[in-house]
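Below: one structure, written as structure tokens.
2 protein chains.
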Amino acid sequence: MHADQLITGIAQLVTAQGPHARRGTAMSELHLLPNAAIAISNGRIAWVGPEHDWHDTAKATVDLQGAAVLPGLIDPHTHAVWAGNRLADFEARARGATYEEMLAAGGGIRSTVRSTAAAPQQELIALATPRIAALVRSGATTIEIKSGYGFSVAAELAMLEAIAALTTQTSARILATLLIHIPPTDPTERRTYIEQVCTTLIPIAAQRHLASAVDVFIEREAWHCDEAETIFACAQHHGLAIKLHSDQFHSIGGVELGIRMRALSVDHLEAAGPTQINALAASNTIATVLPGVSLHLGIPAANGRSLIDAGAAVAVATDLNPGSSPLFSTAAALALAVRSNGLTPQEALTAGTINAACALGLHDRGRLEPGCLADLLVLHSNDWRDLLYTLGANPVREVWIGGRKVQPGGTKVTT
Amino acid sequence: MHADQLITGIAQLVTAQGPHARRGTAMSELHLLPNAAIAISNGRIAWVGPEHDWHDTAKATVDLQGAAVLPGLIDPHTHAVWAGNRLADFEARARGATYEEMLAAGGGIRSTVRSTAAAPQQELIALATPRIAALVRSGATTIEIKSGYGFSVAAELAMLEAIAALTTQTSARILATLLIHIPPTDPTERRTYIEQVCTTLIPIAAQRHLASAVDVFIEREAWHCDEAETIFACAQHHGLAIKLHSDQFHSIGGVELGIRMRALSVDHLEAAGPTQINALAASNTIATVLPGVSLHLGIPAANGRSLIDAGAAVAVATDLNPGSSPLFSTAAALALAVRSNGLTPQEALTAGTINAACALGLHDRGRLEPGCLADLLVLHSNDWRDLLYTLGANPVREVWIGGRKVQPGGTKVTT
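Chains L and A are the protein sequences, given in the same order.
Just so you know, the first sequence maps onto residues 1168 to 1582 in our numbering.
Just so you know, the second sequence maps onto residues 1168 to 1582 in our numbering.
See the structure below:
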């Protein structure tokens, strides 16, 4: 083999092995290779093995001088495009205000919708670019971004177009999801919006390749299961994958609907009970937990421990958004999942790599194996566990996407 | 006035006003000045006011072009000097191991003691320097560092000497505390150690100015109140201030002892009940809460809300240490205090500035007023609340100590 590039000096190479999501006890089974090397050609991994087993040639060699190397993280749930801020809500919540009081004061999600609608595309891109850069610095190499602050066909398409344009501004690999977020308060408008979503929004988004999946927020105060089912059926008819916000505050059937319709993932699950957990364990749908939301809102964290013990495949995401999860680090989401959702470090790494990739329907990343995209992290540390252990600092030294070092990461605090 | 330096372009200047700790509802009373300027001479603040009110001259002017400026943060409780790591403990805890099982496996605090004892001073300094740099990047300008991984007179003095030497390696202002941490298991050795502490360790530390305070860890499994009282009386006899680790797991009288002996602060308080809270509220002792410990160990957070509502003066610290709080950001400790300890953003800023300074017995910092040290933060944002709001990224753009920009901070994610 004559590789484009050889990476040596890898003290520890740690990866899940694929291509399928790992569930239950298999989430702990990481492949750990000391003194490893990686050969890269055409932006993909050509070879992985012990450094002394490499006997071929490479055009260039990079010596990491003894660092831990992990697969690039995948952040499968963000709302990274928004305008305005929610600092007044943050302050009001800390003073004990209810969400209803925040809405009455002009805050809440509708304030983000107003600000986002008022922002030109260039402004949305300029605002989102440093947020994406922060996620990349923390180790994310593939990032899902949702629309959902539009609340009209035109505004949702504008958000999807901003996400598409953003893709050219960042080194990260971006996947766009069309999110059907909050329904109109008027029942007639609510029915009309579903019609517009199904007859106009989804067909245009699919035809113009503006989204690869459709997401619906299922909650007592949001969309209900029968409405979501209509939207999902339309999405699937147009060749789009489906995923759900469900069981955040109440279990009203979203998990069961998602499993029945073969959703890629059901996300949130803070209110999921044994019935939902066992159903997820018996399905191929990924259970995505969002520890930033629990931390920021002070709601109970999703029971990641029970999900894994039951046999489910768990993923973790930042849910980066201004109202309920201002968490600008994918690595920190994994570190929080160990503290808040009961994951072990091994499970958290699996949740943030291969399982997160599968939550996006992607099977060519989230692991370091021949044929996969050469997306990887170099830590400051020579022990991969520092990725999950470190709080309040960025343990990532370098982020590589497609075989190229795209961004320096944080600064060294551990050995 | 002819100042050394004028800082202009301050969109928002926010500070508590001093010199005394703020308690109860007064913790919310911040002084907020839009379009401000600060004049600096001889490393101290010479003037603060609306920019258009400045009519004097300065040798140099720095235009911040519209950023929020806050007092430099004070981190009044860290154990930033250690060798070895506790990654095995971290992994074992995530798998559900008890502390006893971790000790049996060779982990726990005694493993840090072994590693620290085995490390030469130069290694201790090299290991601690990037940790201190991380705290400074997060906004800390004065940092307390404790000994306490020595467990013998010689080893504690070696730690204090390492802290003294470290002081010359960092731009932060360092205060050293002698911590009497974990007692010997043998009752005779336990009594002997107290004797050595009082006849040798404290006198030498005081005489050589190696510590400004003595701290004792009071807990069922650590030192008891009668022992701590002996140590504290000796400390005060030698002119040192006193402070306590108390009420972390059990209330065994540490709060009451600390108040009676006029301790600067009682730190932890996770297990403090109404009696302790009301006693603190009626005292001049600062109640220091440590949200990193609650997050990392999964123990209940100290009830900051009740402490403030009762009228206590609350401070916040990272408690940076390898076993129970690997939290490398003072700003993140404040952000966590809003989520975990029930503080408002205003209260958290007070807790991390003026009250934290008072917890170290310092009255010349932690606020932006004439005569105070010119230690300050510049945020990426023009809204000071972003310091507390942002999770997983560093909202600090610049850190100034003694009127000089010492370190770039994080990267912009908010506006």
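Where a beta carbon is used, it is the ideal one built from N, C-alpha and C, also for glycine.
Contact check between the stretch 1448-1458 of chain L and the stretch 1491-1511 of chain L: three or more CB pairs, one atom from each, fall below 8 Å, which counts as touching. Your pair A/Thr1520 and A/Ile1241 checks out as a contact, with CB atoms roughly 6 Å apart and the cut at 8 Å. In this chain, L/Ser1548 is not harboured by any alpha helix (DSSP H), its DSSP state being neither H nor E. Among the CB atoms of chain A, one or more fall inside 7 Å of the CB of L/Pro1297. Chain A has no Cβ within less than 7 Å of the Cβ of L/Ala1234.
Annotation: Cβ neighbours of L/Ala1301 in chain A (cutoff 9 Å, chain order): Gly1559, Ala1560, Gly1577, Thr1578, Lys1579 and Val1580.
A direct Cα-Cα distance of roughly 18 Å separates L/Leu1294 from L/Ser1305.
A Cβ-Cβ distance of about 10 Å is found for the pair A/Ala1499 and A/Val1483, leaving them out of contact under the 8 Å criterion.
Not a single C-beta of chain L is nearer than 7 Å to the C-beta of A/Tyr1316.
Annotation: Cβ neighbours of L/His1463 in chain A (cutoff 8 Å, chain order): Arg1506 and Leu1558. Annotation for L/Ile1207: Ala1170, Asp1171, Gln1172, Leu1173, Ile1174, Ala1213, Ala1541 and Gly1570 place their beta carbon closer than 8 Å to its own, counting only its chain and skipping 5 residues before and after. With respect to A/Pro1243, A/Leu1527 sits close: the two C-beta atoms are nearer than 7 Å. Note on geometry: alpha-carbon atoms of L/Arg1262 and A/Ile1475 lie some 13 Å from one another.
Taken through DSSP and simplified to helix, strand or coil, L/His1391 comes out as coil.
Residues of chain A whose Cβ lies closer than 8 Å to the Cβ of L/Pro1512 are, in chain order, Phe1257, Glu1258 and Ala1261. Ranked by Cα distance from L/Thr1337, the options L/Ala1322, L/Ser1319, L/Thr1366 and L/Ala1301 are led by L/Ala1301. At a C-beta separation below 7 Å, A/Arg1552 has these neighbours in chain L: Leu1254, Phe1257 and Glu1258. Along the stretch 1276-1321 of chain L, the alpha helix (DSSP H) occurs as fully enclosed runs of 4 or more residues at 1276-1285 and 1288-1304, listed in sequence order. Taking one beta carbon from each stretch, the stretch 1363-1378 of chain L and the stretch 1258-1277 of chain L have fewer than 3 pairs nearer than 8 Å; the two do not touch.
The DSSP-derived three-state label of L/Glu1565 is strand.
One thing to note: A/Ser1379 has its Cβ within 7 Å of the Cβ of A/Leu1342.
Going by beta carbons, A/Gly1509 and A/Arg1472 fall inside the 7 Å limit.
Using a C-beta cut-off of 8 Å, the stretch 1388-1397 of chain A makes contact with the stretch 1340-1356 of chain A, since at least three inter-stretch Cβ pairs fall below that distance.
Apart from the 5 residues on each side of it in sequence, L/His1463 sits with its Cβ closer than 8 Å to the Cβ of Ser1491, Ser1492, Pro1493 and Leu1494 in its chain, given in chain order.
Contact between L/Ile1205 and L/Leu1535 holds: their C-beta atoms lie close to 7 Å from each other, under 8 Å.
Annotation for A/Ile1426: the continuous alpha helix (DSSP H) segment containing it runs Gly1421 to Arg1427. Every unbroken stretch of the alpha helix (DSSP H) spanning 4 or more residues and falling wholly within the stretch 1333-1375 of chain A is given here in chain order: 1354-1363 and 1369-1374.
For the stretch 1487-1507 of chain L, the set of positions with a beta-carbon nearer than 7 Å to some beta-carbon of chain A reads Pro1493, Leu1494, Phe1495, Ser1496, Ala1499, Val1505 and Arg1506 in chain order.
When the five nearest sequence neighbours on each side are left out, the beta carbons in the same chain lying within less than 8 Å of the beta carbon of A/His1219 are those of Asn1202, in order along the chain. If you look at L/Val1433, you'll find it in the beta strand (DSSP E) that goes Ser1432 to His1435.
For A/Ser1305, the C-beta contacts it makes with chain L under 9 Å involve Gly1559 and Ala1560, in order along the chain. Straight-line measurement puts the Cα of L/Cys1539 at about 21 Å from the Cα of L/His1222. DSSP, reduced to helix, strand and coil, places A/Pro1238 within a strand of the structure shown. 7 Å or more divides the Cβ of L/Glu1514 from the Cβ of L/Pro1467. Of the residues assessed, L/Pro1562 falls on the buried side of the cut-off, its CB having 16 or more other CB atoms within 10 angstroms.
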